[in-house]
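Asks: To start, I am sharing the structure in question, which I have written as structure tokens.
Numbering (the working numbering), first residue to last: 992 to 1425.
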């Protein structure tokens, strides 16, 4: 069993989220705790008022609502409503909410069984329930105890099991522009926003795109962009946006640009210890060998790291983001350092460019003893000829075509003194002929 605890400022928002799923037929309210009557006999407003009346006892508690999801392994489909209510009641008792009013909803919109529990942080006497470290302490102890008591699959042994992982949205099954689209996006946001550490919108989108969802601000001249708005959309199998965009303010968790920016600051410091893991994985993948960027992606994927590339319309890579599903940390390439940016990675993946002269060095010409004597190049007889007027041209098999075809230029290899003597003899011969 995996427990996810969230707190919020509006119990009304959390309550409406679950009730709308009930109206859509993909959830059911299966019970309540510390309520004056069975929830089946109460209207929606009566169920909500039970929370609101108790919250009035302490209006100083601004973050007053609690939303908990208990997620079970995909194989545990045998859990009946009564069993789920027993688990929910036991869990609430163990984390210190045994006397609080709470509602339990069973959801049917994911690949694994799970329930949602809605409650508040204000006690019946008006005091506030302290929830600091409750997920790490009370909730973790409650989870282990419940797993043994009810014979559930152990979460620690199944951390990497696909039964607990979020399934991508299938855009083909979403009815665009209707409540199902919004709920499908909300399911992704519920997991991604809380569980992953990202520090920018491109980093967040790199994760959302893994589940066929994207967040966009619109063009710079649009009202959405100018007013700091944010839209969420579903993507098809080709990564193209489809359906009607939905404003961030319409989701109960309020994943607006302003609220995301607050998360960026917190996530940036929380993810720093996990940089080294990705950098080492990249360096090891490229150590002593040159791989294509596609091959690098396959190597990293085996370690739970996704290489997300951003390309322009021409297919040119201009950005790179690393998604570590093991540590749930996301980094743009530049956030790891210059060596891990899109440009640097592409250069590191390319084989070293070797010129024709490096591949086929010209043969050393034999020099006579007369040429070696007094020659400025006598000290390095192995040095290739670099004084010829035309650089050699190499054929496909490496043979030197020009060297074979052009006439030999002996004077280029003669010492300067011999060249002068030759000129004097020519001048003397011309004078004698005249």
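Beta carbons: idealized from backbone N, C-alpha and C, even for Gly.
(1) Would you report the Cα separation of residue 1333 and residue 1243, rounded to the nearest angstrom?
(2) With C-beta atoms as the reference, is residue 1240 less than 7 Å away from residue 1232?
(3) When the Cα of residue 1179 is compared with those of 1219, 1287, 1100, which residue comes out closest?
(4) Taking 7 Å as the threshold (C-beta atoms), are residue 1327 and residue 1245 in contact?
(5) Just checking my contact of residue 1117 with residue 1055 at CB under 8 Å: how many whole Å lie between their CB atoms?
(6) Provide the residue(s) that pair with residue 1300 in DSSP beta bridges, ordered along the chain.
(7) Can you give, in chain order, each stretch of the beta strand (DSSP E) that sits fully within the stretch 1001-1034 and has at least 3 residues?
(8) Tell me where the alpha helix (DSSP H) around residue 961 begins and ends.
(9) Is the beta carbon of residue 1258 sitting closer than 7 Å to the one on residue 1197?
(10) Have a look at residue 1076 and residue 1021 and give me their C-alpha separation to the nearest angstrom.
(11) Measure the beta-carbon distance from residue 992 to residue 1206 and round it to whole angstroms, keeping in mind my assumption that it falls under 8 Å.
(12) Skipping 5 residues on each side, what residues in its chain have a beta carbon closer than 7 Å to that of residue 1089?
(13) Using only CA atoms, which one of 1134, 1320, 1260, 1292 lies nearest to residue 1432?
(14) Could you give the distance in angstroms between the alpha-carbon of residue 1225 and the alpha-carbon of residue 1219?
(15) Helix, strand or coil: which one does DSSP assign to residue 1258?
(16) By the DSSP assignment, the beta strand (DSSP E) with residue 1226 in it spans what residues?
(17) Ends of the beta strand (DSSP E) at residue 1096?
(18) So which of 1200, 1319, 1096, 1234 has the shortest CA-CA distance to residue 949?
(19) Out of 1271, 1234, 1222, 1269, state which residue places its alpha-carbon closest to the alpha-carbon of residue 1251.
(20) Does the distance from the C-beta atom of residue 1237 to that of residue 1204 stay below 7 Å?
(21) Taking the C-alpha atoms as reference points, what is the distance between residue 1193 and residue 1283?
(22) If you check the beta carbons only, do residue 1127 and residue 994 fall under 7 Å apart?
(23) Given that a residue counts as buried once 16 or more other Cβ atoms are within 10 Å of its Cβ, and exposed if not, what is residue 1029?
(24) Would residue 1296 and residue 1276 qualify as a contact pair, given that the criterion is a beta-carbon distance under 7 Å?
(25) Does residue 1250 come out as helix, strand or coil in the three-state DSSP assignment?
(26) Can you tell me where the alpha helix (DSSP H) with residue 1194 in it begins and where it stops?
(27) In terms of residues, what are the limits of the beta strand (DSSP E) holding residue 1111?
(28) Can you tell which of 1187, 1173, 1229 has its C-alpha closest to the C-alpha of residue 1235?
(29) Name the DSSP beta bridge partners of residue 1206, please?
(30) Can you give me the Cβ contacts of residue 1129 inside the same chain, cut-off strictly under 8 Å, excluding the 5 residues immediately before and after it?
(31) Let's test the definition: count the other Cβ atoms within 10 Å of the Cβ of residue 1429 and tell me whether it reaches 16, buried, or not, exposed.
(32) Within 7 Å of any Cβ in chain D, is that where the Cβ of residue 1257 sits?
(33) Taking only three categories from DSSP, how would you classify residue 1068?
(34) Output needed for residue 1338: all residues of its chain with C-beta closer than 7 Å, excluding positions within five of it in sequence on either side, in chain order.
(35) If I follow the unbroken beta strand (DSSP E) through residue 1234, where does it start and stop?
(36) Under 8 Å by Cβ, that's how I've got residue 1045 and residue 1115 pegged, so tell me the actual separation to the nearest angstrom.
Replies: On the basis of the supplied data:
(1) 36 Å
(2) no
(3) 1100
(4) no
(5) With 8 Å as the limit, residue 1117 and residue 1055 do not qualify as a contact, their Cβ atoms being about 12 Å apart.
(6) 1311
(7) 1018-1024
(8) Residue numbering for the chain in the displayed model covers 992 to 1425; residue 961 lies beyond these limits and cannot be assessed.
(9) no
(10) 7 Å
(11) Their Cβ separation, rounded to whole angstroms, is 30 Å, which puts residue 992 and residue 1206 out of contact at 8 Å.
(12) 1083
(13) Here the chain covers residues 992 to 1425 and nothing more, so residue 1432 does not appear.
(14) 20 Å
(15) helix
(16) 1222-1226
(17) 1093-1098
(18) Because the chain in this structure spans residues 992 to 1425, residue 949 falls outside the shown range and cannot be described.
(19) 1222
(20) no
(21) 24 Å
(22) no
(23) exposed
(24) no
(25) helix
(26) 1192-1199
(27) 1105-1111
(28) 1173
(29) 1223
(30) 1085, 1086, 1087
(31) Here the chain has residues from 992 to 1425 only, and residue 1429 is not among them.
(32) Within the model displayed, chain D is absent; a lone protein chain is all it includes.
(33) coil
(34) none
(35) 1232-1238
(36) 7 Å
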